[in-house]
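Chains E and Y supply the protein sequences, listed in that same order.
Okay, so the first sequence: first residue is 1 according to our numbering, each after it adds one.
Okay, so the second sequence: first residue is 1001 according to our numbering, each after it adds one.
Even glycine gets a Cβ: it sits at the ideal position worked out from N, Cα and C.
Because the structure is a prediction, the values reported are computed rather than measured.
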Amino acid sequence: MEEISSLLQGFAVALSYKNLLFMLIGILLGVLIGVLPGLGGANGVAILLPLTFTMPPTSAIIMLSCIYWGALFGGAITSILFNIPGEPWSVATTFDGYPMAQQGRAGEALTAAFTSSFVGALFAVVLITFLAPLVARFALKFGPPEYFSIQLLTFCSFIGMGREAPGKTIAAMMLGFALAAVGLDTVTGTLRMTFGRTELLQGFDFLIAVIGLFGLGEIFLTMEEGLSFQGKSGKIDPKIVLRTWARLPKLWVTSLRSCLIGCWMGITPGGATPASFMSYGMARRFSKSGNKFGEGQIEGVVAPETAAHAAGTSALLPMLTLGIPGSPTAAVLLGGLLIWGLQPGPLLFVEKKDFVWGLIASMYLGNIAGLLIVLTTVPWWAAILRIPFSIIAPVIVVICAVGAYTVHNNLFDVVMMLVFGVVGYVFKKLKYPLAPLVLALVLGDMAETAFRQSMLLSAGSLSIFWSNGLVGSIVTLALLILSWPLLSRLIAGWRDRPAPA
Amino acid sequence: MTAAATRWVELVVALLITVAGVVVLGDSYRVGASWDADGPQAGYFPHIIGWILAGAGLWIAGKTLLKWRALAGKPFVSWVELKLVLTMLVPTLVYVALLAFIGIYLASALYIGSFMIWQGKYRWLPTVLVSLGVPVALFLLFEVWFLVPLPKGPLEHWLGY
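So, in structure tokens, the structure goes:
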């Protein structure tokens, strides 16, 4: 068991006094980010990324990934106590979590949410521990066509499995690719789409886009709702924790199903949000008390939280092994790796063993620490949400502006952040998905390089994408998923047609 | 009373996306979107993106027009909501414009302070505490501990930074 010994070495890295401290800071910051409106996993990590440039990469990624776990935990607090999802993936948690809080069962709901988040994450980390080295070894043999086909699969699954209209997903994604192409083309040395402006020479940094789209856009939306936070008390009695824990094992079927849904949606980048909805829907369909969902069923909290955390965690698997992130936050972490001079992908597992296994070990520790921290500090976080929005909103905008500036020490980026903020607001209102835009912006250059190299190999013929069994089946799968909305409608129509006489 | 109907916003955004696609296409053909002696030209990949982008924009626009009647009466944003969004957007615009001249610390203090008085109707004491506390915290965190310089203006220069 090579993985086990590597993992133990990883624990030795992660358990250093300094890294444990960064882990703790990360979790606390993460919960704070998850609780505050306008700051979420993706833009929170993006804002803090410049602060880690001087840190050793292992400590930096441990802290940043812990921010991510913390944000995943934090989203549940606002959903249950305030009926306000702090993060998109905790929308489904409000359906049953808030009714439970209204009935005075907030402690039970919070315990269930945190514990099932933990279970989902743990399942995904175990999966990463044993699957990631295999995937990485397999991916070492990949050439440009294989890489492009994996990216094609990524983007096709957004279109085919997303909840938004396919046209809008395609438009958002292509905008991301177009923005990624702006600036100097490194292969030919040609300037593309700069229109003579020096500001555009560097192209668009996706960190700025993330901060604007997710941060400012969210603030504008929250402002529009004219929120006044009215929450339930969030005190957790240890007795209730124990009682809830005693009940949870009975829900193991729901948990296991949610873990599987979450991991699947995380690895194929459906993301945490669709995973939580899908898992909630499945739990309602299969539960004996399915008709009572929405009135405060504990399963209605367990299912979406487990899936969201499993998806959020497993999104790091393709990021580490293939360099293809499964979620916007994973994309930001990938951007961090590149800045620290680490090339994500299969070689990372060979060349930077310490880093990879330190990170994986910190996922175990970070989630355990996260569970304990949120269980003990809930009332404190709930108090933060009672700070009026007229104080929180400008402070968050200032933090976003500082974050956007520090990426390149460039004031033009702050202006771009504001532009992305308005775009994010309009796109959110018109239900354009933002995640494909961000992922396309991150992966644009890589996808283009892989595509170009493939075309060079085949002298411009697309047949290279069916030149061997592996790449052929990935591309075919991608096209199948792409046309899934159409296919499923055809199948449904065919089933419903009147039986031939 | 609404400021704009969703179907109009939907249509305009879709057309803007189409225009963006056309811009990408135009630039791709300008730098060359075909095959050179040494492989695909710089516009080869973007021109595919441009076509799909323009196509997606037209698709959304077409879908909106097809459902034009059914979409009637759905407001994009009400006047009340628009006013709330503008109370956030306008000060933020001013803030970003000010950043370049007076530095991020002073601009942030003014921005937070004015927002608290104007929107939150706070008294002077809490306003001063928060609007000065945040920039001071930022200063300690960035300039002192992490040694990341933030934009500074005349005030900071006068203070010796």
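- A check of alpha carbon separations from E:D185 across E:G176, E:M174, E:L201 identifies E:L201 as the nearest.
- Shown here, E:V182 sits in coil according to DSSP, grouped into three states, outside any helix or strand.
- By the criterion of at least three beta-carbon pairs nearer than 8 Å, the segment 51-62 of chain E is in contact with the segment 353-361 of chain E.
- Put simply, the CB of E:L152 is far from chain Y, with every gap to its CB atoms at 7 Å or more.
- Setting aside the 5 residues that flank it on each side, Y:V1094 has no residue in the same chain whose C-beta is closer than 7 Å to its C-beta.
- Per the coordinates, the alpha-carbon of Y:V1019 lies some 22 Å from the alpha-carbon of E:V415.
- Excluding residues up to 5 positions away in sequence, E3, L7, I360 lie with their Cβ nearer than 7 Å to the Cβ of E:T129 in the same chain.
- Look at the beta carbons and you see the segment 401-413 of chain E touching the segment 191-206 of chain E: at least three pairs across the two are nearer than 8 Å.
- Under DSSP, E:R192 takes part in a beta bridge, and its partners are E:G183.
- Contact residues of the segment 1100-1120 of chain Y toward chain E are A1100, I1104, S1108, Y1111, I1112, F1115, M1116, Q1119, G1120 (C-beta to C-beta distance below 7 Å).
- Using a Cβ-Cβ cut-off of 7 Å, Y:A1056 is close to G167, I170, A171, M174 of chain E, given in chain order.
- For the pair E:A382 and E:T313, the Cα-to-Cα distance works out to about 25 Å.
- Every unbroken stretch of the alpha helix (DSSP H) spanning 4 or more residues and falling wholly within the segment 471-499 of chain E is given here in chain order: 484-496.
- Using beta-carbon distances, Y:P1154 does not count as an interface residue toward chain E, since no partner is under 7 Å.
- DSSP, reduced to helix, strand and coil, places Y:F1076 within a strand of the structure shown.
- Residues of chain E with a Cβ closer than 8 Å to the Cβ of Y:P1075 do not exist, since the nearest Cβ in that chain sits about 11 Å away.
- For the pair Y:P1091 and Y:F1115, the CB atoms are nearer than the 7 Å cut-off.
- Bounds of the alpha helix (DSSP H) holding E:P304 are 299-314.
- Taking a C-beta cut-off of 7 Å against chain Y, the contacting residues of the segment 373-390 of chain E are P388, S390, listed in chain order.
- The closest CA to that of E:L317, considering only E:A139, E:S5, E:I208, is found on E:A139.
- Around the beta carbon of E:F286, a 10 Å sphere encloses fewer than 16 other beta carbons of the protein chains shown; the residue is thus reported as exposed.
- Residue-level contact by beta carbon holds for Y:G1039 and chain E, with a gap shorter than 7 Å.
- Put simply, the backbone Cα of E:T58 is about 17 Å away from that of E:N367.
- A direct Cα-to-Cα measurement between Y:V1148 and Y:F1139 gives close to 9 Å.
- Contact annotation, E:C400 with E:G215: C-beta distance approximately 4 Å; criterion of less than 8 Å satisfied.
- In the DSSP assignment, E:I47 falls within the unbroken alpha helix (DSSP H) covering 41-48.
- Nearest in C-alpha terms to E:L213, of all of E:M417, E:S458, E:L375, is E:M417.
- Annotated three-state conformation of Y:W1068 is coil, per DSSP.
- Excluding sequence positions up to five before and after E:G421, its CB lies within less than 6 Å of the CB of G212, L216, G217, all in the same chain and listed in chain order.
- Counting the other Cβ atoms within 10 Å of the Cβ of Y:P1126 gives fewer than 16, which makes it exposed.
- Taking 8 Å as the upper bound for CB-CB distance, E:G444 and E:A181 are in contact here, some 6 Å apart.
- What E:I219 touches in chain Y, judged by beta-carbon distance under 9 Å, is M1088, T1092, going in chain order.
- Shown here, E:P85 sits in coil according to DSSP, grouped into three states, outside any helix or strand.
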